[in-house]
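Let me begin by presenting the structure, written as structure tokens, before commenting on it.
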Amino acid sequence: MPSDIKFTIEKERKVQDQFLLAQENIIECANCRKALLNVLQGTGDESIVTFILVECPYCGDSSFRSRAKGKIYIQAANGLSISDMPMDIKEGARHTKIKVIKNE
Ligand SMILES: [Zn+2]
745 MPSDIKFTIE KERKVQDQFL LAQENIIECA NCRKALLNVL QGTGDESIVT
795 FILVECPYCG DSSFRSRAKG KIYIQAANGL SISDMPMDIK EGARHTKIKV
845 IKNE
């Protein structure tokens, strides 16, 4: 249905606009300090807390555990792609250990 598609696109654009206004954070490796992940924190329901840990594809170590509130949008840093992002719910918070790989 064309009208449904249009509605979906507009809704998505609204969500993206929210993220453009939000704060951007870069998660780095705790060991080699290379940038691993960009996290955009949106506004909205701040009761949702997400703990993020990123495994480093350069040295095999990982980032410090980062905490984000509300809706988040994540993107691998330049030259990297997200390969796995398992999500656990523990004591009302979301926990994820993100695996990123180097692009070919
Ligand atoms: Zn590293």
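Be aware that the sequence shown starts at 745, since it is given in the numbering used here, and climbs by one per residue. Idealized CB from N, CA, C, for every residue including glycine.
For residue i and residue j, I'd like the C-alpha separation in whole angstroms.
i	j	result
Ser-807	Val-798	5 angstroms
Asn-847	Glu-790	33 angstroms
Starting from the Cα of residue i, find the closest Cα among the options and give me that residue.
i	options	result
Leu-824	Gly-786, Cys-800, Arg-809 and Gly-788	Cys-800
Ile-826	Leu-784, Ile-818 and Ala-812	Ile-818
If you count every other CB in all the chains shown that lies within 10 Å of the CB of residue i, and 16 or more means buried, which is it?
i	result
Thr-787	exposed
Cys-776	exposed
Ala-820	buried
Ile-816	buried
Met-745	Residue confidence for Met-745 is low, a pLDDT of 47 falling below 50, so the modelled location carries little weight and cannot support an answer.
Can you give me the Cβ contacts of residue i inside the same chain, cut-off strictly under 6 angstroms, excluding the 5 residues immediately before and after it?
i	result
Ser-810	Ile-771 and Ile-796
Lys-778	Tyr-802
Verify the contact flag: residue i, CB atom, against every heavy atom of ligand 2, threshold strictly below 7 angstroms.
i	result
Asp-832	Ligands displayed in this structure: ligand 1; ligand 2 is not among them.
From the DSSP secondary-structure annotation, give me the bridge partner or partners of residue i.
i	result
Tyr-817	Leu-784
Which residues in the same chain as residue i place their Cβ atom closer than 8 angstroms to its Cβ, once the five residues preceding and following it in sequence are excluded?
i	result
Ile-833	His-839
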